[in-house]
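The structure appears right after this line, and notes come after that.
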Amino acid sequence: MEGMNGKIGIVGGTGTLGLKMAESLAWSQNKGTVWVSSASGDFAKAQRRLPAGVNFTTDNQRLVDQCDVVVMSVMADVFRGLDLRIPADRLLISPMAGVGIDEIRSKTGLEAIVVCMPTVAAAIGASPTAYVMSSGVS
106 MEGMNGKIGI VGGTGTLGLK MAESLAWSQN KGTVWVSSAS GDFAKAQRRL PAGVNFTTDN
166 QRLVDQCDVV VMSVMADVFR GLDLRIPADR LLISPMAGVG IDEIRSKTGL EAIVVCMPTV
226 AAAIGASPTA YVMSSGVS
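Numbering-wise, the numbering used here puts 234 at position 129 of the sequence shown, and it's gapless, one number per residue.
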């Protein structure tokens, strides 16, 4: 993944799991490297919990265009209804239940996909997380 800019975006980053991921990333990354999107545009809770420098948007495509790594932290039916053009050089990480690598590849055309299943302990930052990677992840 040559030319990566180090930006990580979380589609659905204001939900329970997405916000916890955003918190963990935002407090450990350089300013301006974390993007959070929310279709509702309700960023009040996220803005209270995240440090200055996190980028907020209601435009999922803008997030995808800005970030090398896209975390798809939405419900399966929301993902299935999204119409995003994700560049082939992106890495997509999915904690979505019921959506596997093949479905993600079919919808997005991506080769670099990680499907993960955190536990409820993710809410306190202590989740063992099972994951599987597509052959496109190196």
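Note that beta-carbon positions come from the ideal geometry of N, C-alpha and C, so glycine has one too.
{"Check": "Excluding the five sequence neighbours on either side, which residues of its own chain have a C-beta within less than 6 Å of the C-beta of Ser239, listed in chain order?", "Outcome": "Ile206 and Ile218"}
{"Check": "Is it right to say Thr121 is buried, meaning 16 or more other beta carbons lie within 10 angstroms of its own, or is it exposed?", "Outcome": "exposed"}
{"Check": "Runs of 3 residues minimum, wholly inside the segment 161-192: which ones carry the beta strand (DSSP E) assignment?", "Outcome": "174-177"}
{"Check": "Tell me whether the beta-carbon of Leu155 lies closer than 9 Å to the beta-carbon of Val176.", "Outcome": "no"}
{"Check": "Comparing alpha-carbon positions, which option in Ala127, Asn135, Val169 and Gln166 lies nearest Gln152?", "Outcome": "Ala127"}
{"Check": "Flag this pair as yes or no: are the beta carbons of Asp173 and Asp194 separated by less than 9 Å?", "Outcome": "yes"}
{"Check": "Please state whether DSSP places Ser232 in a helix, a strand or coil.", "Outcome": "coil"}
{"Check": "Taking just the CA atoms, how far does Ile113 sit from Gly186?", "Outcome": "22 Å"}
{"Check": "Let me check one thing: in DSSP terms, what residues is Ile113 bridge-paired to?", "Outcome": "Val139 and Val174"}
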